[in-house]
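Trainee: Let me begin by handing over the structure; questions about it come next.
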């Protein structure tokens with residue numbers, strides 16, 4: 001597909017996109033922007049976007065993707081609860097992943113990739129089962145880290161995005177490829193902002209005092 005054909009296909013897809021999909025896309029973008037700003041509203045908007053996506057995917061006969069969307073809703077509910085915890089406790093702060101967190105990430109990616117690739121090969125007519133499974137498994141791990149407010153969630157989500165963009169182009173879905181590229185860029189800035197927050201909190205907790213001799 002050359003550039004001219006890509007532009008033509010994009011125009012056709014924009015014209016044919018149902019209104020409900022635009023709502024789902026708008027909510028999805030809002031979710032990422034709220035996540036970048038470290039706002040709890042990322043969860044209700046994400047749940048709403050994913051709920052609409054389940055309906056859209058079911059209507060299209062993409063039942064495996066519906067199952068993945070259900071996972072995203074569960075993780076969003078978990079993240080929402082984990083963030084606020086109890087009413088009288090402060091919200092969960094941004095942090096860095098521990099070794100145990102990375103072990104869990106590895107387990108999610110390996111198990112998710114293995115299970116999804118098997119299901120896609122055995123029970124769906126997918127022509128890209130391994131590619132599709134990898135995109136989903138890494139996104140699962142990123143969602144789990146996001147739920148725990150770990151800065152590395154942006155890295156995992158962008159691993160997924162980096163593979164998803166060419167996959168969506170391969171499936172001739174330029175609208176969603178463009179959206180994923182936008183999400184990739186937002187995730188880069190999200191990582192930068194969260195890293196600044198972590199450095200600021202670290203400087204407050206561990207201030208550097210200058211000696212009297214140095215001041216003189």
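In full-length UniProt numbering, the protein residues as written are 1 to 216.
Ideal Cβ positions, reconstructed from N, Cα and C, are used throughout, including at glycine.
Source: prediction; values computed, not measured.
1) In the DSSP output, which residue or residues are listed as bridge partners for residue 95?
2) Whose C-beta lies closer than 6 Å to the C-beta of residue 46 among residues of the same chain, with five residues either side of it excluded?
3) By the 10 Å Cβ neighbour count, where 16 or more other Cβ atoms means buried, how is residue 197 classified, buried or exposed?
4) Using three-state DSSP, classify residue 18 as helix, strand or coil.
5) Just the C-alpha distance for residue 74 and residue 174, rounded to the nearest angstrom, thanks.
6) On the premise that residue 33 lies in contact with residue 186, defined as a C-beta separation below 8 Å, what is that separation, rounded to the nearest angstrom?
7) Rounded to whole angstroms, what's the CA-CA distance from residue 126 to residue 202? Just pull it up for me.
8) I need the DSSP call for residue 171, collapsed to helix, strand or coil.
9) Run the CB neighbour count on residue 150, radius 10 Å, all protein chains shown included, and call it buried at 16 or more, exposed below.
10) Nearest CA to the CA of residue 72: which residue from 114, 128, 42, 103?
11) Just the C-alpha distance for residue 178 and residue 128, rounded to the nearest angstrom, thanks.
12) Cα separation between residue 140 and residue 114?
13) Counting only runs that start and end within the region 20 to 89, where is the alpha helix (DSSP H) found for 4 or more residues in a row?
14) Which same chain residues, not among the five before or five after residue 97, have their C-beta less than 6 Å away from its C-beta?
15) What whole-angstrom Cβ distance do residue 49 and residue 146 have, given they're in contact under 8 Å?
Mentor: Walking through what the data contain:
1) Counting from one through the chain shown, the residue named residue 95 turns up at place 95. Per DSSP, 150.
2) Locating residue 46 in the chain shown gives position 46, where the first residue counts as 1. Once the five neighbours on either side are set aside, the close Cβ partners of residue 46 are 31, 76.
3) On the chain shown, position 197 is the one that residue 197 refers to. Counting the other Cβ atoms within 10 Å of the Cβ of residue 197 gives fewer than 16, which makes it exposed.
4) By 1-based counting over the chain shown, the position of residue 18 is 18. The answer is coil: DSSP assigns residue 18 none of H, G, I, E or B.
5) The residue given as residue 74 occupies position 74 in the chain shown. The residue given as residue 174 occupies position 174 in the chain shown. Rounded to the nearest angstrom, the two C-alpha atoms are 28 Å apart.
6) In the chain shown, the residue the question calls residue 186 occupies position 186. In the chain shown, the residue the question calls residue 33 occupies position 33. Between residue 186 and residue 33, the beta carbon gap of about 7 Å places them in contact (Cβ cut-off 8 Å).
7) Position 126 of the chain shown, counting from 1, holds the residue named residue 126. Position 202 of the chain shown, counting from 1, holds the residue named residue 202. Approximately 47 Å, taken between the alpha carbons.
8) Here residue 171 is taken as the residue at index 171 of the chain shown, counted from 1. Here residue 171 sits in coil by DSSP.
9) Within the chain shown, numbered from 1, the residue matching residue 150 stands at position 150. Per the 10 Å Cβ criterion, buried.
10) Within the chain shown, the letter at position 72 stands for residue 72. For residue 72, the nearest C-alpha among the options comes from 42.
11) The sequence position of residue 178 within the chain shown is 178, counting from 1. The sequence position of residue 128 within the chain shown is 128, counting from 1. C-alpha separation (whole angstroms): 20 Å.
12) Sequence index remark: in the chain shown, residue 140 carries index 140 (1-based). Sequence index remark: in the chain shown, residue 114 carries index 114 (1-based). C-alpha separation (whole angstroms): 13 Å.
13) 42 to 59, 63 to 84
14) If you number the chain shown from 1, residue 97 lands on position 97. Cβ neighbours of residue 97 beyond the five flanking positions: 150, 152.
15) Indexing the chain shown from 1 puts residue 49 at position 49. Indexing the chain shown from 1 puts residue 146 at position 146. Rounded, the Cβ-Cβ distance is 14 Å, inconsistent with contact.
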